[in-house]
Every structure is written in C-alpha cells, then in structure tokens.
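Numbering (mature numbering (1 follows the signal peptide of the UniProt record, and there is no 0)), first residue to last: -17 to -1, 1 to 262.
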C-alpha cells in the first residue's frame, strides 16, 4: 500500500509543478512548492497553502524523523540523552545539513535520494540476514541493553590489541556494499569527474548494495562465526518484563528517580538460570 501512496503523491507533485509552469509561462518547472504558492494572486490562498505545508512538515518531523533520531541518540548515550534531548539534538543537527540546498532543484534532490539509498541497501541487508539466517530469529533481548554483557560485544583481537563493541563482519560487509556504488555516486555529485563503466552499478545501487552486503555478511558469519552471540533460545521482551522492572542504564523520564521495585520483583542480575543459560 505504501508504494501506491508514494506513487500517487509523486504524480500529484509532478502534475502540479508542470501545470504551474504552463499556466504562469515560466522558463523552468517550479519544483519547490513554496515557489509555486508564491505565484498565486490571492493572499489568503498563499497563507493557507504555506500554513498547510508548514503543518505537514512539522507533523512529519515530530512523529517520524525526530523520534527515530532521538531513539538512536538515546541508545548511544542513555546516561546523558533521553527522547526529548535527542529530538532537540536532531533539530540542531538538521540545520547543519542545509536541507534547503538539497531542495533547491530536482536534480540535487534526486542525487541526494540516490545517495541515501546507497547506504540504506547494505543496512537493510545486514539487519534482515542477521535476524533470519545468522541468528535464526534467536536474540537475547535483555543482553542488548546490558553494556557489560559479553553476548553482543563481538570482542576480537587485531595485532595484539583487543577490540570490542563492533561486529567486524557487519562493518566489512557494509564497506563492500557501499564501495561498489561509490564511483557512480562521485559522478552523480560531480559530473565533471569521469568514472567510466563505474557509473552503471550506481544505476541500481540499492539492489546491488543489498545483494553484495548480504552475500559478504553471511559468508563471513559462516567462515568466522561469533559463537558468543549465539543463544540456544529466544528471550522475548515479555519474559524480561516479568522478571526485571528496570533496564540498567535507562533512566525514567517522568520522575527524578527510578520507581521502587516490589519485593517479589527480581532485578536483572537475579534472573533465573533458565534465562541466564540462554546468554
């Protein structure tokens, strides 16, 4: 259903911009809706049109974009950031990306969207194949929120130095998936740079990045498996909620202190052997 809705919205945008060029006899197509609205002769129409776009942008950014960014920031530093602070940080950083320059022309916008897909394909491949094929749908949910838990630390040694916190298989697979599209991306950003045949993989960049990343990640996980990340059975969130009232490292936002636990509620360190055995 979502592709149908996006296709309809894209059609309306193209039709309205093309009609605006023909009606106002413009030299170029006004891809920016604000530019098209500024051509309307009625001041009330301009006000309600601009207000509708402002309200839509505000609603989309609050309900979708800033929430997802705030969740990521909270996961990175839960001791310092919560959802509210993460949203404020997202609002500040969004100005640094100068989005008005991206929307200055249709060509720049399409280049940005194509570049965006180059990174989304490898990320989607890692997430899907890690869940369905590498871990076979078995995750230990509580261990994902315990920084000291070695289950998902992915510790390894490089030249005698111990490194942890990064799944090198996923990182290497991501680099391979993105690298195959870099020549075409460079040419799309700056057409003066000739990359020869390297421009062709970029034309189907998302699919190529997805397939290449998935193949490399599954192969590396089979060749050098992370045994410490394998669990015998899945530990679901419902099971965690029944045994632990608070996840360590995450502070409640509604009050200044965490709620007191009932006497019969067990903490995360006192979980039963059946759950700890799954680590």
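Glycine included, C-beta positions come from ideal geometry on N, C-alpha and C.
Closest to residue i by CA distance: which of the options is it?
{"i": "residue 193", "options": "17, 208 and 103", "result": "103"}
{"i": "residue 70", "options": "62, 197 and 56", "result": "56"}
{"i": "residue 168", "options": "185, 175, 48 and 54", "result": "185"}
{"i": "residue 148", "options": "136, 155, 156 and 181", "result": "136"}
{"i": "residue 12", "options": "88, 134 and 146", "result": "88"}
{"i": "residue 116", "options": "8, 199 and 132", "result": "199"}
{"i": "residue 190", "options": "179, -10, 164 and 178", "result": "164"}
{"i": "residue 7", "options": "22, 51 and 179", "result": "22"}
{"i": "residue 212", "options": "182, -10, 3 and 119", "result": "119"}
{"i": "residue 105", "options": "154, 140 and 181", "result": "154"}
{"i": "residue 98", "options": "-17, 26, 173 and 152", "result": "173"}
{"i": "residue 207", "options": "177, 218, 151 and 181", "result": "151"}
Name the one or two DSSP bridge partners that residue i has.
{"i": "residue 145", "result": "140"}
{"i": "residue 123", "result": "218"}
For residue i, collect the residues of the same chain with a Cβ closer than 8 Å to its Cβ; drop the 5 residues on either side in sequence, then sort them by chain order.
{"i": "residue 33", "result": "17 and 20"}
{"i": "residue 10", "result": "none"}
{"i": "residue 238", "result": "Only weak support is given to the placement of residue 238: the predicted model assigns it a pLDDT of 44, under 50, and the value that follows is read from those uncertain coordinates. Nothing meets the Cβ criterion."}
{"i": "residue 84", "result": "91"}
{"i": "residue 1", "result": "12"}
{"i": "residue 266", "result": "Outside the shown range of the chain (-17 to 262) lies residue 266, about which nothing can therefore be said."}
Would the C-beta of residue i count as close to the ligand ATP, meaning under 7 Å from any of its heavy atoms?
{"i": "residue 93", "result": "With respect to small molecules bound, the structure shown includes none, and the ligand ATP cannot be examined in it."}
For residue i, I'd like the list of residues in its chain whose CB is within less than 7 Å of its CB, leaving aside the five on either flank, ordered along the chain.
{"i": "residue 197", "result": "108 and 112"}
{"i": "residue 96", "result": "none"}
{"i": "residue 145", "result": "138"}
{"i": "residue 100", "result": "188 and 189"}
{"i": "residue 52", "result": "69 and 73"}
Within a Cβ cutoff of 6 Å, which residues of the same chain sit near residue i, ignoring the five residues on either side of it in sequence?
{"i": "residue 64", "result": "56 and 57"}
{"i": "residue 175", "result": "none"}
{"i": "residue 236", "result": "At residue 236 the pLDDT is 49, less than 50, meaning the model places this residue with poor confidence; the figure from the coordinates comes in the next sentence. So the qualifying residues of the chain are 65."}
{"i": "residue 156", "result": "196, 199 and 200"}
{"i": "residue 255", "result": "Caution is warranted here: a pLDDT of 44 is assigned to residue 255, below 50, making its placement in the model unreliable, and the coordinate value is therefore given only provisionally. The answer is none, since no qualifying residue turns up."}
{"i": "residue 94", "result": "171"}
{"i": "residue 182", "result": "167 and 170"}
Counting pairs of Cβ atoms below 8 Å between the region 160 to 173 and the region 101 to 110, do you hit three or more? yes
Considering only residues of the region 24 to 72, which uninterrupted beta strand (DSSP E) runs meet the minimum length of 3 residues and lie entirely inside it, listed in chain order? none
Between the region 73 to 85 and the region 116 to 131, do three or more beta carbon pairs fall short of 8 Å? no
Cβ contact check for the region 40 to 49 and the region 58 to 77: 3 or more pairs under 8 Å: yes
Entirely enclosed alpha helix (DSSP H) segments - the region 172 to 219, minimum 4 residues: 182 to 185 and 188 to 206
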